[in-house]
Every structure is written in structure tokens, then in C-alpha cells.
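Enquirer: Quick one: the structure is below, and I'll ask about it shortly.
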Amino acid sequence: MKLIDGKATAETIKKEIAEEVSQIVANGGKRPHLAAILVGHDGGSETYVHNKVLACEACGFTSSLIRFEDTISEEELLACVERLNKDTDVDGFIVQLPLPKHISEQRIIEAIDYRKDVDGFHPINVGRMSIGLPCYVSATPKGIFELLQRYNVPTSGKHCVVIGRSNIVGKPMASLMVQKHLGDATVTIVHSRSKNLKELCREADILIAAIGQPHFVTADMVKEGATVIDVGTTRVPDATRKSGFRLCGDVDFDNVAPKCEFITPVPGGVGPMTICQLMLNTLAAGKKAYYD
Ligand code: GUN
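Numbering (my numbering), first residue to last: -16 to 275.
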């Protein structure tokens, strides 16, 4: 069993980005600028956004954090999105999800200029990805794909089973893994309604768990020699921690790991890679790599 170290890989990538940014700036270019909109005070969202701001600093980016109380109206939030769309200094921006119930996430996502949508959530980016055109790809699936590549996990012709069908992980993950010049794999998506979920998981050469249920994947669901990627980050109460909680993955790591060729831990696996892919998307936005 080999552990896939997402934390170390993310540090390496952030250093690579910082070097490129130094070069850009030394050559008279503009420092990439990421803006983040955070609505309310959800603990998880606060942590994610804080980590995104820290990652910007590590990469040499400019960052702006725009905060609103969760009483903000949809119209006010749309006006902020419009302002960032027009701000020529901002290369890319994100609206941290989830949003309060009275705001339509889809309406907000579709209001973001797709050329600045570094989260890759806008339907134009989702559509372009699904037909293999250059675009911003959602950070978690892109981070997982990068890990598989950096650890030389073969994907072409392999059977990849994705557990979960969310718009930000499961579906784009399946889309990347099936693309001819990317994963080039045979892909199955299973979800809460799948009848033969365990049997399908047992057939996976690469099993990607993104269902958000602690320890959902047990040893009997994993083929000997499989690669297992754990996207889960459920907060479970833990009185021994200063924070009062710990992050729990979707995989029963202790029992599954001995069967695996490769496995990601939680924390320190997919999580750090997600933020670093957002940084790569921001770098691409700064360079106008996909869109003018
Ligand atoms: N909430 C959970 N993950 C994400 C993400 O990748 N981007 C945004 N904007 N919100 C999230």
C-alpha cells in the first residue's frame, strides 16, 4: 500500500506556481488576482475561504475577500457578482457555497462571467469540459486527476467507479475520467439509489468516494490492488481536539488501506489539492490561458 500525499503534492505545486508568478511579475506582467465572496459565518466555509486566502499568499497572488451577512438579498449579491465581472483587476472570483436558502445558487453561478469562473461551476465551463474544450475545471476533480497523474496511477482502459453524483465532484470527476486524452477510463457513477452499489465498487480499479458519509466504503467493497480516493470531509465531534471536531473521510481507511495499491488519507489527501487547483485556475485566468 502506498499513501498518496496530497499535502506534499499541493506544496510542490504551490511552489511551482509561485515561481511562475515571480517570472510573470519580473517580466512586467500582472500579478494574478483572486476574489472570494463569503456569505454568512458557516464554520466550514470560513475555514475553506481562509485557506484559499493563505494559498493566494503562498502563490504570490493578490486576493480580496468580500464578506456579507447571511441576510444579504439575492439582488445585492448579484450586484456584487456584476461588479466583480466588470473589475478589470480581478482575474477570477468565487462565491463560496453553500449560500443561504433564500438565494438561488444556480442563479448566482450563472451570473458569474464564465471567463472569470475559476471554480468551473458555470454551465459554459461544465459544458466545455464535457466535450474536451479548454476551460476552468472544478477544483476537486481536477486535483484528484492531478494526484493520479503525479503518482503514475494508470487510468487508460481501467474501470473507475465514482460514488456520488454531485455537480461539483461526482459528475465532473466522471467526465474527466472518461475523456479520451485525460482519464481514458471506463467510468461508472453509483449513488444512493444504485441497486448493486457494493458489487460495482468491487469491480473498480480506481474507486473515488464522494458521498459525504463517514466510513461508507468498507473493505468488502474494495478489490485487492485498487486505488482508492477519499473525497469525504465530514466534521465529526471529537472532544480531544481543540476545535471540538475532526474530519472524517468516506472510506474506512484502517480496514481498506491494506487492500490498496494507492490510497489517499483524510486529512492530507484530496483537500489540499482542491485549493491548489483553484490556484492553478487563477493562474490560468491571470494568463488568459482559456479565454481572452
Ligand atoms: N463549497 C464547497 N466546495 C466549494 C468549492 O470548491 N467552491 C465554492 N465556491 N464553494 C464550495
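Heads up, the beta-carbon is just placed ideally off N, CA and C, and yes, glycines get one too.
Taking the continuous beta strand (DSSP E) assigned at Cys243, which residues delimit it?
Expert: For the purposes of this step, residue 243 is taken as residue 260 along the sequence shown, with counting starting at 1. No beta strand (DSSP E) holds Cys243; DSSP gives it neither H nor E.
Enquirer: Between the C-alpha atoms of Val211 and Tyr274, what's the straight-line distance to the nearest angstrom?
Expert: Residue 211 sits at position 228 when you count from the first residue of the sequence shown. Residue 274 sits at position 291 when you count from the first residue of the sequence shown. If I take the Cα positions, the gap works out to 34 Å.
Enquirer: Touching or not, the segment -7 to 7 and the segment 144 to 152, by the rule of three or more beta carbon pairs under 8 Å?
Expert: With the cut-off at 8 Å, the segment -7 to 7 and the segment 144 to 152 do not touch.
Enquirer: DSSP three-state call for Leu159: helix, strand or coil?
Expert: For the purposes of this step, residue 159 is identified with residue 176 of the sequence shown, where counting begins at 1. Leu159: helix per DSSP, three-state reduction.
Enquirer: Taking only three categories from DSSP, how would you classify Thr71?
Expert: Taking the first residue of the sequence shown as position 1, residue 71 is located at position 88. If DSSP states are grouped into helix, strand and coil, Thr71 belongs with coil.
Enquirer: Excluding five sequence neighbours on each side, which residues of the same chain lie with their C-beta closer than 7 Å to the C-beta of Leu48?
Expert: Taking the first residue of the sequence shown as 1, we reach residue 48 at position 65. Excluding positions up to five away in sequence, the list reads Ala19, Leu21, Val32 and Val36.
Enquirer: DSSP state of Lys(-15), grouped into three classes?
Expert: Here residue -15 refers to the residue found at position 2 of the sequence shown. Note: Lys(-15) maps to strand in three-state DSSP.
Enquirer: Would the beta-carbon of Asp96 fall within 8 Å of that of Ile77?
Expert: Position 113 of the sequence shown, counted from the first residue, corresponds to residue 96. Position 94 of the sequence shown, counted from the first residue, corresponds to residue 77. Taking 8 Å as the Cβ cut-off, Asp96 and Ile77 do not qualify as a contacting pair.
Enquirer: Please list, in chain order, all residues of the same chain as Leu266 whose beta carbon is under 6 Å from its beta carbon, the five residues on each side excluded.
Expert: The residue given as residue 266 occupies position 283 in the sequence shown. Excluding sequence neighbours, Leu266 sits near Ile0 and Pro15.
Enquirer: Could you please give the first and the last residue of the uninterrupted beta strand (DSSP E) stretch that includes Ala192?
Expert: The count along the sequence shown starts at 1 and reaches residue 192 at position 209. That run of the beta strand (DSSP E) goes Ile189 to Ala192.
Enquirer: Leaving out five residues on either side along the sequence, give the residues of the same chain with a beta carbon under 6 Å from the beta carbon of Arg218.
Expert: Residue mapping note: residue 218 aligns to position 235 of the sequence shown, counting from 1. Once the five neighbours on either side are set aside, the close Cβ partners of Arg218 are Phe228.
Enquirer: Kindly give me the distance between the Cβ atoms of Arg90 and Glu57, rounded to whole angstroms, as I take these residues to be in contact under 8 Å.
Expert: The residue given as residue 90 occupies position 107 in the sequence shown. The residue given as residue 57 occupies position 74 in the sequence shown. Contact holds; Cβ gap of about 7 Å.
Enquirer: Taking the C-alpha atoms as reference points, what is the distance between Asp167 and Ala202?
Expert: Working through the sequence shown from its first residue, we reach residue 167 at position 184. Working through the sequence shown from its first residue, we reach residue 202 at position 219. Going from the Cα of Asp167 to the Cα of Ala202 covers about 26 Å.
Enquirer: Let me check you understand the geometry: is the CB of Ile151 closer than 7 Å to at least one non-hydrogen atom of the ligand GUN?
Expert: As a first step, residue 151 is located in the sequence shown; it is residue number 168 there, counting from the start. Yes; taking the cut-off as 7 Å, the Cβ of Ile151 has a heavy atom of the ligand GUN nearer than that.
Enquirer: Starting from Cys143, trace the alpha helix (DSSP H) both ways and give me its first and last residue.
Expert: Numbered from its first residue, the sequence shown carries residue 143 at position 160. Note, Cys143: premise wrong, no alpha helix (DSSP H); beta strand (DSSP E) at His142 to Ile146.
Enquirer: Rounding to the nearest angstrom, what Cα-Cα distance links Asn68 and Ala(-9) in this structure?
Expert: Here the question's residue 68 lines up with position 85 in the sequence shown. Here the question's residue -9 lines up with position 8 in the sequence shown. The straight-line gap from Cα to Cα measures roughly 34 Å.
Enquirer: Please report the distance separating the alpha-carbon of Thr45 from that of Val161.
Expert: Your numbering for residue 45 matches position 62 in the sequence shown. Your numbering for residue 161 matches position 178 in the sequence shown. Looking at the two C-alpha atoms, the distance is approximately 35 Å.
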